[in-house]
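Working notes for the structure below.
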Amino acid sequence: IAVSPIDRIWNKLGNANWGDIGVLQILFATFHCIIQYAGLPKHSIEDLAADHSSRLQTRRVERQLGDTGVNGNGVFRFQRHGVSTEIVEVQDESINIESEELMKLEIGSVLWLEDSNFQKGYQINEVLRNGDLTYYVASPVEDPGKSLFLYVGSHPSQLEPAWQDMNLWYQVQRQTKVLTIMKQKGFSSKYLPQLSASGRIIHPGQCRRPSSGGNCDHPLCGTPILVTSPVGETVANMVSEGRFGLDEAIRCCHDCLSALSTVSSAGIRHGDIRPENVICVRSGVRHPYFVLIGWGHAILEDRDRPAMNLHFSSTYALQEGKLCSASDAESLVYMLYFSCGGALPELDSVEGALQWRETSWSRRIIQQKLGDVSTVLKAFADYVDSLCGTPYPIDYDIWLRRLRKNIHEEDHGKEIDTSG
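If you read the sequence shown in this note's numbering, its first letter stands for residue 1, the second for the next number, and so on.
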């Protein structure tokens, strides 16, 4: 662990899972690095440990006095501590400065992509944010009326800051791999994103890329790009503006389950279902529908690990770091629960998140809230509860049929597309 600077080390570790010996070892190693850098502390480890409980209680009291803000995940909230003298979570605004200055992608900017077979230009129409990450709505230069999502990765040689680069890697390179596999397997469903193009940025000026391969010394050379369709509004945005009601909840549940059903035949699971990763498509269609996006953390094989999210990850994912057969459906239930007005708890540890899940399921808080919206959503939550942590697979067909019967559309004579 390098000391560069100390607060970054602490903040990137986050809240410690005190039952995890690996985390404790990392914290202990960090403590000794700080000693080497800044000298011995005023108090010994023994004194600090003895006083830990009282300090923790004091911090909890202080947190109730702080102002509430939105963190990098969009819908989660944390407290800004105004009176604590201890290290607290801060937003590192320096992370994106270099890459943003280099890219200078604004509305109206044109970005050129190089693939093995072609070169394509895309004009930026809108700049969007997903937590700390930026992505874009763009149109092909040759087809200005068409809208696509455009994701720009980090330069291959840019190693700092590592956490930001890993998030970009999942968003661009890993998601490109997953969508390519889906395309190769012939998955066809309007509820899944489609790979439109992927490749590298064609930077301004002459490229002096060596003949042996690699990149030239231009700061943008080799930067990966991913382009997908369709484009829509995130559920997170719909919820914040009060436009996610009964019809949207049932339709969202149906469409996300249909997407999961399509890829389940190949053993693919999503692993990161949350309001920012589901979009509602309205442009050019008679009836709006939802698409499950954000496949960068998808599980393709046993060694893959899902994203860890205190509010939306399944119980099994938080406990084992893996997904069971019902994990994606469980995350979908949490997303619907919070999106339909369920109380968003303040969670700052895995233990707290697991305790909230146990209490909410055992007291049927989740089922009751979804029951206020729709009886079929309540029944689905009960079904998922019975499967959580078990090896039994989700019966997608029966729930797609039940949800389909509860979707209200103007033309009741036409069956909803559940391709895949």
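A virtual CB, placed ideally from N, CA and C, is assigned to each residue, including glycine.
Contact holds between the segment 337 to 347 and the segment 297 to 313, because three or more Cβ pairs, one in each stretch, are under 8 Å apart.
Here residue 312 carries a coil assignment [DSSP, helix/strand/coil]. If you check the CB distance, residue 291 and residue 140 do not come in under 8 Å. Residue 298 sits away from residue 191, with the two beta carbons spaced by 8 Å or more.
Counting the other CB atoms within 10 Å of its CB gives residue 398 a total below 16, which places it among the exposed residues. Judged by beta-carbon spacing, residue 147 lies beyond the 8 Å limit of residue 117, meaning their Cβ atoms are not closer than that value.
Note that the C-beta distance between residue 250 and residue 370 is not below 8 Å. With distances taken between CA atoms, residue 341 lies nearest to 368 out of 129, 283, 368. A distance below 8 Å between beta-carbons, with the five flanking residues on each side excluded, links residue 128 to the following residues of its chain, in chain order: 134, 135, 136, 137.
Beta-carbon to beta-carbon, residue 153 and residue 172 are separated by about 3 Å, close enough to satisfy the 8 Å threshold. Distance from the CA of residue 155 to the CA of residue 363, rounded to the nearest whole angstrom, comes to 49 Å. Among the bridge pairs identified by DSSP, residue 200 is matched with 114, 224. Spatial neighbours of residue 366 in its own chain (CB-CB distance under 6 Å, excluding positions within 5 residues in sequence) are listed in chain order as 337, 360, 381.
Within its own chain, the residues whose Cβ lies closer than 8 Å to the Cβ of residue 225, once the five positions on either side in sequence are excluded, are 111, 113, 150, 151, 152, 153, 172, 197, 198, 199, 200, 201, listed in chain order.
Straight-line spacing of the CA atoms in residue 248 and residue 25 works out to 46 Å.
In the displayed model, residue 275 falls within a helix according to three-state DSSP. Around the beta-carbon of residue 189, 16 or more other beta-carbon atoms lie within 10 Å, marking it buried. Taking the Cα of residue 131 as reference, the smallest distance to any Cα among 175, 277, 323 is reached at 277.
The beta carbons of residue 323 and residue 389 sit no closer together than 8 Å. DSSP lists 136 as the bridge partner or partners of residue 127. The criterion of a C-beta distance shorter than 8 Å is satisfied by residue 325 and residue 392. For residue 275, the number of other beta carbons within 10 angstroms of its own is at least 16, and it is reported as buried. Listed in chain order, the non-local C-beta contacts of residue 105 below 6 Å within the same chain comprise 124, local neighbours out to five positions each way being set aside. Spanning the alpha carbons of residue 187 and residue 265 requires a straight line of approximately 10 Å.
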